[in-house]
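Per my numbering, the sequence shown runs over residues 1148 to 1362.
By construction, the Cβ of each residue, glycine as well, lies at the ideal position given by its N, Cα and C atoms.
Have a look at the structure below, then the notes.
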Amino acid sequence: MVFDYDKDSKERVPYEYYLERYQKEDPLAISDRTQIPYDEKAGVFTLRLMGCTYQISWPDYQIKAVPENVICHYPLENAANARILVLRYFLEGTAAPASGKFLTYREMPWGEVYFRQFQGRCIFRLAYGFGGKLDQFQSIMERLGGVRIEYGDCGYEFEFMNNLRLRFILWAGDDEFPPSAQILFADNFSAAFHGEDMAVVGDVSIGVLKALSAQ
1148 MVFDYDKDSK ERVPYEYYLE RYQKEDPLAI SDRTQIPYDE KAGVFTLRLM GCTYQISWPD
1208 YQIKAVPENV ICHYPLENAA NARILVLRYF LEGTAAPASG KFLTYREMPW GEVYFRQFQG
1268 RCIFRLAYGF GGKLDQFQSI MERLGGVRIE YGDCGYEFEF MNNLRLRFIL WAGDDEFPPS
1328 AQILFADNFS AAFHGEDMAV VGDVSIGVLK ALSAQ
C-alpha cells in the first residue's frame, strides 16, 4: 500500500523506520516470538485483527484480507496507524498466555504516564460515539464475534489480535449524567505492546466500530 505522505507526514518517518527493520528480521524468529503463523513457502504471516483474517507478506509487508473472512477493510488495508502497530508487534512484541484477568489502562505498569491521552482518545470517544447507540453497539460487537459480558449497560469481550482480548463496557447515561465507558485489557497485553501503543489499540478498535456503524 502506498500512503499519501504529504497528507499523512506524521506517519511517514515511523512507518519507513519500522518497515526497514521488519525487512531485516528473520520471519521465523518473528513467528516464534509472537506465535503469529508464518508460511515459509508462501512467505506470509496469517494475522487476525478485529474479526478479520489477513495475510501479511515478508519482506515487502503487503497486506491482503482473506476474502471469505472480511468484515471491513479498515484496520490494516487503509489505516497507517494500524499498519505501524502491527509492525511494532512483529518487531518488539511477545506472545504470552493470559490468566483470565482484565486490567484497566491505569493498572498497566506504564498506565499513569499516558492515561490522560488514552482517556481522551479512547474512553471518551467510545462513550460519546456509542453510549447513546447501545443497540448499534451490540449489533456491531456480535458481528465482530464479541461475547456479551454482564458489566455496565452493555459490555462485550472480543479478540483484538491473535489471543489478545479487550473488553468494551458502556453506560448509556441519562438526563443527569453523560454516557461513560471503560476499556479493559487482558493481562497479556503488557507483553505485546508498550504504553504508547495501547492508545493506538483503542484508536484502531473504535475506528473499526465507527467504520462498521457507517455500513
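How long is the line joining the alpha carbons of residue i and residue j, rounded to whole angstroms?
i       : j       : result
Tyr1208 : Trp1257 : 30 Å
Met1148 : Ala1189 : In this prediction, Met1148 has a pLDDT of 43, which is less than 50 and means its spatial position is unreliable; what the coordinates show is noted afterwards. Going from the Cα of Met1148 to the Cα of Ala1189 covers about 19 Å.
Ala1361 : Lys1280 : 13 Å
Ile1115 : Thr1193 : The question about residue 1115 has no answer, for the chain in this structure spans 1148 to 1362.
Asp1173 : Glu1187 : 11 Å
Leu1234 : Leu1166 : 7 Å
Asp1344 : Phe1324 : 31 Å
Ile1296 : Gly1302 : 5 Å
Val1260 : Arg1272 : 19 Å
Ile1177 : Ala1339 : 12 Å
Tyr1152 : Ala1226 : With a pLDDT of only 42 at Tyr1152, under 50, the local geometry of the prediction cannot be trusted, and no value is derived from it.
Cys1199 : Leu1359 : 13 Å
Glu1306 : Phe1284 : 16 Å
Ala1274 : Ile1353 : 10 Å
Asp1300 : Ala1319 : 7 Å
Arg1195 : Pro1214 : 13 Å
Val1294 : Arg1312 : 11 Å
Met1308 : Asp1321 : 34 Å
Asn1335 : Ala1243 : 6 Å
Tyr1298 : Pro1326 : 14 Å
Leu1291 : Tyr1201 : 15 Å
If residue i sits next to residue j, beta carbons under 8 Å apart, how far is it from one beta carbon to the other, in whole angstroms?
i       : j       : result
Ala1245 : Ala1333 : 4 Å
Tyr1169 : Leu1238 : 6 Å
Arg1092 : Gly1349 : Here the chain has residues from 1148 to 1362 only, and residue 1092 is not among them.
Leu1331 : Thr1251 : 6 Å
Leu1356 : Phe1277 : 7 Å
Phe1249 : Arg1314 : 6 Å
Leu1232 : Val1347 : 5 Å
Glu1224 : Ile1203 : Not a contact, Cβ separation roughly 11 Å.
Got a sec: is the Cβ-Cβ distance from residue i to anything in chain C below 7 Å?
i       : result
Asp1334 : Checking the listed chains, one finds no chain C in this structure; it contains a single protein chain.
Using the DSSP secondary-structure output, state which residues sit across from residue i in a beta bridge.
i       : result
Tyr1303 : Arg1295, Phe1315
Gln1264 : Beta-bridge pairing links Gln1264 to no other residue.
Ile1203 : Phe1192, Ile1210
Ala1328 : Leu1317
Ala1333 : Phe1249
Met1308 : Leu1196, Leu1311
Pick out the complete alpha helix (DSSP H) segments inside the segment 1210 to 1250, 4 residues or longer, and give them in chain order. 1227 to 1239
Which whole runs of the beta strand (DSSP E) in the segment 1153 to 1201 are 3 residues long or more, in chain order? 1191 to 1196
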